[in-house]
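**Student:** Provided herewith is a single structure, encoded as structure tokens, for subsequent inquiry.
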Amino acid sequence: MNIKETQAKSILRKQKKIDSWFISRYGMNLYRGCSHNCIYCDGRDEKYNVEGTFGKDIEIKINAIDLLRRELDPSRKRKPFNSGFFLVGGGVCDSYEPVEKKFKLTQRALELLEEFNHPIHMLTKSVLIERDIELIKSINQRSKAIVSMSFSSVDDKVSSIVESTVPPPSTRLKTLSKFKSEGITCGMFLMPVIPFLTDTPEQIEASVKAAKETGLDFIVFGGMTLKEGRQKDYFLKEIGKHFPDLVEKYKRLYQLGKWGEPASRYSEKIHRLFYEVARKYKIPIRIPANVFSDILSENDLVTVMLEQIDYYSKLRNENSPYGFAAYSVSKLDKPLSLIKNRLKNLKGVGNFTEKIILEILETGKSTYYDKLIYF
Ligand code: SF4
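173 is the number of the first residue of the sequence shown in this note's numbering; add one for each residue after it.
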């Protein structure tokens, strides 16, 4: 591994709107590059501009904590932070990749987030997160924490090939169980599910069952993208070493996708399968609103809940105006409660959606949402 210390210009990455997968408005990459080097990693794609050889060259943003302190300091801000969780993880690194043991940027960032009372959402594949369990517990008590780990399956054998340097899924589940027993919201990001390797009905059922048995609060599903260039080339090269017969199959499945997505027929089939299995185990497939209803602003709460309703409706093969409605709400520059009487002027909002929005504004909940998300 080659380590390079660099000076970053900024740390917090602000999103244009609330992210309904992670319930976040801000994210951060404290490192660049990831020595976990999972063979499917999307961070390898050229668009992220990670220099050098992905998996070997790791940048340490050595001034990250000074910058973050300044960026989090409310006295330096003209407008307060938007409501939502600060996502620590994902993107072009894993916040608990091996260099964290020495540089502790994630631990120090968490200390700052605790000091400034921000809710956090951690996403990692590394059990090094256990080192910070007391800190995360304390943040959870003050402002709330979510701990998520990503999995391509719960099959230790396949994992040892496609993500060989991270702890096996069985160990990651034990880590989640520890956080869960401390009263922290925990979830599984089952992504990427890898075609031909981790996508059989049995494997998907095993993952959902494991999430349920571990007591996780949600399981979020995602397929694998393979973008042309560095990501696809590396994946096919590595797959060729272990499963030479699959190379042509991947080439056929990943042909036309603008974003590196597989053929749409495959995606639809696999999402439907996941939905049916999750329904059988009655586990939410998005982070449920009771986790964040007291944290988000009313507009963001409505946006996320409508987007989640949209996701469920499409999986149920129903026509859905909810995505449009969510988008309209996300663009508003005033609180929804000020335009309660004019909700139907918003694109995508008809009688039923209006009813849902009004119920959320009045109670922070939605009967229709609960019916969908808890099956
Ligand atoms: S742990 Fe995440 S960021 Fe690191 S290589 Fe694997 S998929 Fe990429």
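The beta carbon of each residue, even a glycine, is placed where N, CA and C say it ideally should be. Predicted model, so just to flag it, every value in this text is computed and none were measured.
Is it buried or exposed for MET173, if we count other Cβ within 10 angstroms and need 16 for buried?
**Tutor:** Translated into positions along the sequence shown, residue 173 becomes position 1. Exposed: under 16 other Cβ atoms inside 10 Å.
**Student:** Please go through the same chain and pick out, in chain order, the residues whose beta-carbon is closer than 6 angstroms to the beta-carbon of SER349, but skip the five residues on each side of it.
**Tutor:** Translated into positions along the sequence shown, residue 349 becomes position 177. Closer than 6 angstroms at Cβ, skipping near neighbours: THR386.
**Student:** What are the boundary residues of the alpha helix (DSSP H) that ARG451 is part of?
**Tutor:** Residue numbering aside, residue 451 sits at position 279 when the sequence shown is read from its first letter. That run of the alpha helix (DSSP H) goes 436-453.
**Student:** For a test of the three-state rule: what should DSSP assign to ARG280, helix, strand or coil?
**Tutor:** Looking up residue 280 in the sequence shown gives position 108. Three-state DSSP puts ARG280 in a helix.
**Student:** Using DSSP's beta-bridge definition, name the partner residues of MET396.
**Tutor:** For the purposes of this step, residue 396 is identified with residue 224 of the sequence shown, where counting begins at 1. Looking at the DSSP assignment, MET396 forms no beta bridge with any residue, so it has no partner.
**Student:** Roughly how far, in whole angstroms, is the beta-carbon of SER332 from the beta-carbon of MET363, given that I think they are within contact range, below 8 angstroms?
**Tutor:** Reading the sequence shown from its first residue, position 160 is the one you call residue 332. Reading the sequence shown from its first residue, position 191 is the one you call residue 363. Actually they are not in contact, since the Cβ atoms of SER332 and MET363 sit about 19 angstroms apart, beyond 8 angstroms.
**Student:** Who's in the neighbourhood of the ligand MG, going by beta-carbon under 5 angstroms from any heavy atom, listed in chain order?
**Tutor:** With respect to the ligand MG, the structure offers nothing, as its ligand set consists of the ligand SF4.
**Student:** Residues in the same chain with beta-carbon distance under 7 angstroms from ILE532, minus the five sequence neighbours each way, listed in chain order, please.
**Tutor:** Position 360 of the sequence shown, counted from the start, is the residue given in the question as residue 532. Counting only Cβ-Cβ distances below 7 angstroms, and skipping sequence neighbours, we find LEU473, VAL474, MET477 and SER538.
**Student:** Residue range of the alpha helix (DSSP H) that LYS409 falls in?
**Tutor:** As a working mapping, residue 409 is identified with position 237 in the sequence shown. Start and end: 402-414.
**Student:** According to DSSP, is GLY199 part of a helix, a strand, or is it coil?
**Tutor:** For the purposes of this step, residue 199 is taken as the residue at position 27 of the sequence shown. Strand.
**Student:** My output table needs one value for ASP191: the three-state DSSP class, helix, strand or coil.
**Tutor:** On the sequence shown, position 19 is the one that residue 191 refers to. If DSSP states are grouped into helix, strand and coil, ASP191 belongs with the strands.
**Student:** How far does the beta strand (DSSP E) with VAL334 in it extend, from its first residue to its last?
**Tutor:** Stepping through the sequence shown from its first residue, residue 334 is reached at position 162. First-last for VAL334: 328-334, but that is the alpha helix (DSSP H), not the beta strand (DSSP E).
**Student:** So, using beta-carbon positions, are ILE292 and PHE258 closer together than 9 angstroms?
**Tutor:** Translated into positions along the sequence shown, residue 292 becomes position 120. Translated into positions along the sequence shown, residue 258 becomes position 86. A contact, by the Cβ cut-off of 9 angstroms.
**Student:** Distance, Cα to Cα, ILE301 vs TYR268?
**Tutor:** Locating residue 301 in the sequence shown gives position 129, counting from the first residue. Locating residue 268 in the sequence shown gives position 96, counting from the first residue. Distance between the alpha carbons of ILE301 and TYR268: 6 angstroms.
**Student:** Buried or exposed, going by whether 16 or more other CB atoms sit within 10 Å of the CB of ASP245?
**Tutor:** Residue 245 sits at position 73 when you count from the first residue of the sequence shown. By the neighbour-count criterion, in which a residue is buried when 16 or more other Cβ atoms sit within 10 angstroms of its Cβ, ASP245 is exposed.
**Student:** Go ahead and pull the three-state DSSP assignment for GLY261.
**Tutor:** Residue 261 sits at position 89 when you count from the first residue of the sequence shown. Note: GLY261 maps to strand in three-state DSSP.
**Student:** Going residue by residue through the region 294-378, where are the continuous alpha helix (DSSP H) segments of at least 4 residues, counting only ones entirely within it?
**Tutor:** Considered as a whole, the region 294-378 harbours 305-314, 328-334 and 341-353 as its complete alpha helix (DSSP H) runs of no fewer than 4 residues, in chain order.
**Student:** Have a look at PRO456 and SER465 and give me their C-alpha separation to the nearest angstrom.
**Tutor:** Taking the sequence shown and counting its residues from 1, one reaches residue 456 at position 284. Taking the sequence shown and counting its residues from 1, one reaches residue 465 at position 293. Answer to the nearest angstrom: the Cα atoms are 16 angstroms apart.
**Student:** Buried or exposed: LEU428, going by 16 or more other Cβ atoms within 10 Å of its Cβ?
**Tutor:** Stepping through the sequence shown from its first residue, residue 428 is reached at position 256. Exposed, since its Cβ has fewer than 16 Cβ neighbours within 10 Å.
**Student:** Please return the same chain residues whose Cβ sits closer than 8 angstroms to the Cβ of PRO414, not counting the five positions on each side in sequence.
**Tutor:** Locating residue 414 in the sequence shown gives position 242, where the first residue counts as 1. Residue 414 is actually His in this sequence, not Pro. These residues qualify, in order along the chain: ILE333.
**Student:** Can you grab the Cα-Cα spacing for the pair TYR422 / LYS381, in whole Å?
**Tutor:** Translated into positions along the sequence shown, residue 422 becomes position 250. Translated into positions along the sequence shown, residue 381 becomes position 209. Rounded to the nearest angstrom, the two C-alpha atoms are 28 angstroms apart.
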